[in-house]
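>
2 protein chains.
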Amino acid sequence: MNPQPNHPLAEGSACPIPFSDYPHVLLAHGGGGRLMDQLIAKMMLAAFDNPQLNARHDGAVCQVNDARLAFTTESFVVRPLFFPGGDIGTLAVNGTVNDLAMCGARPLFLSCGMILEEGLPMNDLWRIVQSMKAAAAAAGVQIVTGDTKVVDKGKGDGIFINTAGLGVVEHGQIIAPASVQPGDQILLSGDIGRHGMAIMAVREGLAFESTILSDCAPLNGAVQDLLQRGLVPHCLRDLTRGGLASALAEIAETARVGIHFRQPAVPVEEEVQGACELLGLDPLYVANEGRFIAIVPAASAPATLEVLRAHPVSAGATVIGEVTATSPGLVTMTNTVGTRRIVDRLSGEQLPRIC
Amino acid sequence: MNPQPNHPLAEGSACPIPFSDYPHVLLAHGGGGRLMDQLIAKMMLAAFDNPQLNARHDGAVCQVNDARLAFTTESFVVRPLFFPGGDIGTLAVNGTVNDLAMCGARPLFLSCGMILEEGLPMNDLWRIVQSMKAAAAAAGVQIVTGDTKVVDKGKGDGIFINTAGLGVVEHGQIIAPASVQPGDQILLSGDIGRHGMAIMAVREGLAFESTILSDCAPLNGAVQDLLQRGLVPHCLRDLTRGGLASALAEIAETARVGIHFRQPAVPVEEEVQGACELLGLDPLYVANEGRFIAIVPAASAPATLEVLRAHPVSAGATVIGEVTATSPGLVTMTNTVGTRRIVDRLSGEQLPRIC
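Keeping their order, the protein sequence lines are chains A and B. When we follow my numbering, the leftmost residue of the first sequence carries the number 227, and every step to the right adds one. When we follow my numbering, the leftmost residue of the second sequence carries the number 227, and every step to the right adds one.
1) Got a sec, what are the start and stop residues for the beta strand (DSSP E) residue 331 of chain B sits in?
2) I need the straight-line Cα distance from residue 240 of chain B to residue 291 of chain A, nearest angstrom please.
3) Our contact map puts residue 296 of chain B next to residue 329 of chain B with C-beta atoms below 8 Å; I'd like the distance itself, whole angstroms only.
4) Once DSSP output is grouped into helix, strand and coil, what is the label at residue 390 of chain B?
5) What residues of chain B sit near residue 309 of chain A, judged by a beta carbon separation below 7 Å?
6) Roughly how many angstroms separate the alpha carbons of residue 388 of chain A and residue 299 of chain A, rounded to a whole number?
7) Got a sec: which bits of the segment 326 to 348 of chain A sit with their beta carbon under 8 Å from any beta carbon on chain B, in order along the chain?
8) Taking a cut of 8 Å between CB atoms, which residues from the segment 246 to 257 of chain B lie near chain A?
9) Where residue 310 of chain A and residue 509 of chain B are concerned, what is the direct C-alpha to C-alpha distance, given to the nearest angstrom?
10) Are there three or more Cβ pairs, one per stretch, closer than 8 Å when the segment 522 to 529 of chain B is compared with the segment 456 to 471 of chain B?
11) If we cut at 8 Å on Cβ distances, does residue 262 of chain A have a partner in chain B?
12) What does residue 492 of chain A touch in chain B if you count any residue whose Cβ is under 7 Å from its own?
13) Compare the beta carbon distance of residue 269 of chain B and residue 244 of chain B with 8 Å and say whether it is the shorter of the two.
14) Three or more beta-carbon pairs under 8 Å between the segment 396 to 408 of chain B and the segment 488 to 500 of chain B, yes or no?
15) If we cut at 8 Å on Cβ distances, does residue 399 of chain A have a partner in chain C?
16) Mind the definition here: the segment 468 to 487 of chain A touches the segment 566 to 581 of chain A only if three or more C-beta pairs lie below 8 Å; say whether that holds.
17) Which stretch, first to last residue, makes up the beta strand (DSSP E) that contains residue 503 of chain B?
18) List the residues of chain A that residue 292 of chain B touches, going by C-beta distances under 8 Å, in chain order.
19) Taking the C-alpha atoms as reference points, what is the distance between residue 323 of chain A and residue 376 of chain A?
20) Where does the unbroken beta strand (DSSP E) through residue 368 of chain A begin, and where does it stop?
21) In angstroms with no decimal places, state the Cα-to-Cα distance between residue 382 of chain B and residue 342 of chain A.
22) Three or more C-beta pairs closer than 8 Å, one from the segment 562 to 572 of chain A and one from the segment 443 to 456 of chain A: is that the case here?
23) Roughly how many angstroms separate the alpha carbons of residue 426 of chain A and residue 511 of chain A, rounded to a whole number?
24) Give the residues from the segment 373 to 391 of chain B that approach chain A closer than 8 Å (Cβ to any Cβ), ordered along the chain.
25) Tell me whether residue 553 of chain B sits in a helix, a strand or coil according to DSSP, three-state version.
26) Going by Cα to Cα distance, which pick from A:277, A:385, A:257 and A:253 is closest to residue 513 of chain A?
27) For a contact meaning CB atoms closer than 8 Å, what does residue 497 of chain B contact in chain A?
28) Would you mind telling me which residues of chain A sit closer than 8 Å to residue 454 of chain B, beta carbon to beta carbon, in chain order?
29) For residue 293 of chain B, which residues of its own chain have a beta-carbon under 8 Å away from its beta-carbon, when the five flanking residues on both sides are left out?
30) Along chain A, which residues have their Cβ under 7 Å away from the Cβ of residue 239 of chain B?
31) So with Cβ pairs under 8 Å, would you call residue 371 of chain A a contact of chain B?
32) Does the beta carbon of residue 365 of chain B come closer than 8 Å to any beta carbon on chain A?
33) Going by C-alpha to C-alpha distance, which of B:248, B:315, B:453 and B:336 sits closest to residue 396 of chain B?
34) Is residue 336 of chain B near residue 385 of chain B, with beta carbons less than 8 Å apart?
35) What runs of the alpha helix (DSSP H), each 4 residues or longer, lie entirely inside the segment 432 to 483 of chain B?
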């Protein structure tokens, strides 16, 4: 440990991430992989220790009077601000709506905190605000409180948006990694990798035969359809930073179960696959903004699949694998030639600032 | 209007801030003055139009089942990150706790969204997290959900923190500008200008005889004491960006009432006054992070004053003025020599990135 002379450590508390390993924050600490996991577990969870945070779900579920509320937050730093299929505003609304939906909550209210960089074209801001308005209307939520800060040119990057969300949980179950049981089926709501590759195609200036559109979409409608039919999944998780592989790894670790899935069952559009190959990326780790997994008791898998397939955002839903009692904490995959291998988390990230 | 060719306006919606006036976002758009007001009113309120947002209070009050909830958000971009009397972490917790308290709510839960710049010393992050932990404990709130993003070096400024807050309103009144009535008394909780001048002293390298400490503190305890005694103010407002003058101006405009106060009644510490004179600043416009005004019916002013003075954060509470039926929308002040003048808002800001 090398505490800097002018920055003494808070009395009686040593930084839990050894300075010899990581004296400074790296881009990888925000990438959804092992380093981010370490930062959150050793620093945030250690300091703010409470049951909601420790559940490591997409949001916290809290009781206030007779209301069971879901509460979540996300900051959006995506580059570029505008991309095929959406922009930072669409993302900021749908991302938080989806985190609430993944708690099994009905999203009601959003907050909007904007950090603007001096020099941002006013017209860009207006387009983003209009996107947020349209996305909120589409998801059926209201933006009821906000805050605007401006930082000097060169100290930000156009615009960063934080949205926090408030939803109501209208069933008595706990939809979270801890509820996952061996024997549960793993349903994936559709093809993966489109959001990440839509962004990367713009960044890298790739020209595909037709443009890859982000899958950015609100997922609360599909989840609401399930809940209204009395189909309460054990766990829901949207596949953002780190993609499908990281989401499964985090759930396997938190729930102390094994997870096995079949690679050929995971839909990837041909263009997305092609772009991934061109850039040396694995679609299993690419971020999505409108895809999720539902982990459900085997008995309710057929009905869940039927309801999901009836909703446009999850029309491509399919069973990709199951939860096992063996190898707790591990995710394994059978690939196209029938070989079974461990699917590990990435250490850092392959796609910085994807959301 | 000059929409840029690559950035067509969303169909059917013209940017309401004329490009000829402000084609780009300025630092002043975040300063708590008239330009920020215009940005929020013409852009955010116009797009996200709903009663909670339109109330223009420190947070939204929303009903969920039998619970009346307060919901608020703020992003913190203060420079420097560490200052006498606190740091960005203390500020991020207290700022949002205070916004909930100003809605007359009991703060319960906070979210924490961090945007880290690549290269931030890990030890700085740890100190900030420890400050947030201590501040949350002191205010009696829990940080139950969070998010961490990392942006490339040079695209952020060390760390930006957003906190959103959730509180419960346990009385039946509406504490908001709209409830303010002519005849109400205006109580100020203590001396003003310390937070802003603590920051400015560090930035400008000013050496005062003794260091000015930020007044950063949680205000929910003092508000809770009032509510428990059945003393429900018509309006509460903490005096952050833009200071006392801007808070009064915003309330006068929103409530369509006149406000008059006596400058000699407003406490300013000698060192703060000296630092303001040195830098050519008016303490009435300097940001505070632990000061607030309570606008109360004249009949309950003495009891309110008594309760506030019994709490350490508002021990210096005093009556500074009253609400009038004349000159609706205007704030007037009688100065030390008895002259009465209009107290206007600043156009932009005098102290960028003070919170």
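We put the CB at the ideal spot given by N, CA and C, even for glycine. For clarity, every value in this text was computed on a predicted model and none was experimentally measured.
This is what the structure gives:
1) Residue numbering aside, residue 331 of chain B sits at position 105 when the second sequence is read from its first letter. Taken as a continuous stretch (DSSP letters only), the beta strand (DSSP E) holding residue 331 of chain B covers 331 to 343.
2) Position 14 of the second sequence, counting from 1, holds the residue named residue 240 of chain B. Position 65 of the first sequence, counting from 1, holds the residue named residue 291 of chain A. Their backbone Cα atoms lie some 44 Å apart in a straight line.
3) Indexing the second sequence from 1 puts residue 296 of chain B at position 70. Indexing the second sequence from 1 puts residue 329 of chain B at position 103. About 4 Å; that satisfies the 8 Å criterion.
4) Indexing the second sequence from 1 puts residue 390 of chain B at position 164. Residue state, collapsed to three classes: strand.
5) Taking the first residue of the first sequence as position 1, residue 309 of chain A is located at position 83. Under the 7 Å cutoff, chain B gives no residues; its nearest Cβ is about 13 Å from residue 309 of chain A.
6) One-based indexing of the first sequence puts residue 388 of chain A at position 162. One-based indexing of the first sequence puts residue 299 of chain A at position 73. Taking the straight line from one Cα to the other gives about 7 Å.
7) Of all residues in the segment 326 to 348 of chain A, only 334, 335, 337, 338, 339, 340, 341, 342, 343, 344, 345, 346, 347 and 348 come within less than 8 Å of chain B when Cβ atoms are compared, listed by chain position.
8) 248, 249, 250, 251, 252, 253, 254, 255, 256 and 257
9) Mapped onto the first sequence, residue 310 of chain A falls at position 84. Mapped onto the second sequence, residue 509 of chain B falls at position 283. One C-alpha to the other measures close to 49 Å.
10) yes
11) In the first sequence, the residue the question calls residue 262 of chain A occupies position 36. With 8 Å as the cut-off, residue 262 of chain A counts as an interface residue toward chain B.
12) Walking along the first sequence from the start, residue 492 of chain A turns up at place 266. Here the premise fails: no neighbours, minimum Cβ distance about 26 Å.
13) Counting from one through the second sequence, the residue named residue 269 of chain B turns up at place 43. Counting from one through the second sequence, the residue named residue 244 of chain B turns up at place 18. Contact: no.
14) With a cut-off of 8 Å, the segment 488 to 500 of chain B and the segment 396 to 408 of chain B do not count as touching, because too few Cβ pairs lie within range.
15) In summary, chain C is missing from the structure at hand, where the protein chains are A and B.
16) yes
17) Your numbering for residue 503 of chain B matches position 277 in the second sequence. Residue 503 of chain B -> not in any beta strand (DSSP E); alpha helix (DSSP H) instead, spanning 496 to 505.
18) As a first step, residue 292 of chain B must be located in the second sequence, where it is residue number 66. Result: 291, 292 and 293.
19) The residue labelled residue 323 of chain A in the question sits at position 97 within the first sequence. The residue labelled residue 376 of chain A in the question sits at position 150 within the first sequence. If you take the alpha carbons of residue 323 of chain A and residue 376 of chain A, they lie about 25 Å apart.
20) On the first sequence, residue 368 of chain A is found 142 positions in, with the first residue counted as 1. Residue 368 of chain A -> beta strand (DSSP E) spans 368 to 377.
21) Within the second sequence, residue 382 of chain B is the residue found at index 156, counting from 1. Within the first sequence, residue 342 of chain A is the residue found at index 116, counting from 1. Rounded to the nearest angstrom, the two C-alpha atoms are 11 Å apart.
22) By the Cβ rule, the segment 562 to 572 of chain A does not count as touching the segment 443 to 456 of chain A, because fewer than three pairs are nearer than 8 Å.
23) In the first sequence, counting from the first residue as 1, residue 426 of chain A sits at position 200. In the first sequence, counting from the first residue as 1, residue 511 of chain A sits at position 285. Distance between the alpha carbons of residue 426 of chain A and residue 511 of chain A is about 13 Å.
24) For the segment 373 to 391 of chain B, the set of positions with a beta-carbon nearer than 8 Å to some beta-carbon of chain A reads 373, 374, 375, 376, 377, 378, 380, 381, 382, 383, 386, 388 and 390 in chain order.
25) Translated into the one-based positions of the second sequence, residue 553 of chain B becomes position 327. In this structure, residue 553 of chain B counts as coil in the three-state DSSP scheme.
26) Walking along the first sequence from the start, residue 513 of chain A turns up at place 287. When each option's Cα is compared against that of residue 513 of chain A, the closest is A:257.
27) Stepping through the second sequence from its first residue, residue 497 of chain B is reached at position 271. In chain order: nothing, as chain A lies at least about 24 Å away.
28) As a working note, residue 454 of chain B is residue 228 in the second sequence. Result: empty, since nearest Cβ-Cβ is about 18 Å, beyond 8 Å.
29) Taking the first residue of the second sequence as 1, we reach residue 293 of chain B at position 67. Once the five neighbours on either side are set aside, the close Cβ partners of residue 293 of chain B are 394.
30) The residue labelled residue 239 of chain B in the question sits at position 13 within the second sequence. For the C-beta of residue 239 of chain B, the chain A residues within less than 7 Å are, from N- to C-terminus, 356.
31) On the first sequence, position 145 is the one that residue 371 of chain A refers to. It does; some Cβ of chain B falls within 8 Å.
32) Taking the second sequence and counting its residues from 1, one reaches residue 365 of chain B at position 139. Output row for residue 365 of chain B: interface = no.
33) For the purposes of this step, residue 396 of chain B is taken as the residue at position 170 of the second sequence. Selected option, being the one with the closest Cα: B:453.
34) Numbered from 1 along the second sequence, position 110 holds the residue referred to as residue 336 of chain B. Numbered from 1 along the second sequence, position 159 holds the residue referred to as residue 385 of chain B. No, the Cβ-Cβ distance between residue 336 of chain B and residue 385 of chain B is not below 8 Å.
35) 446 to 454 and 469 to 481
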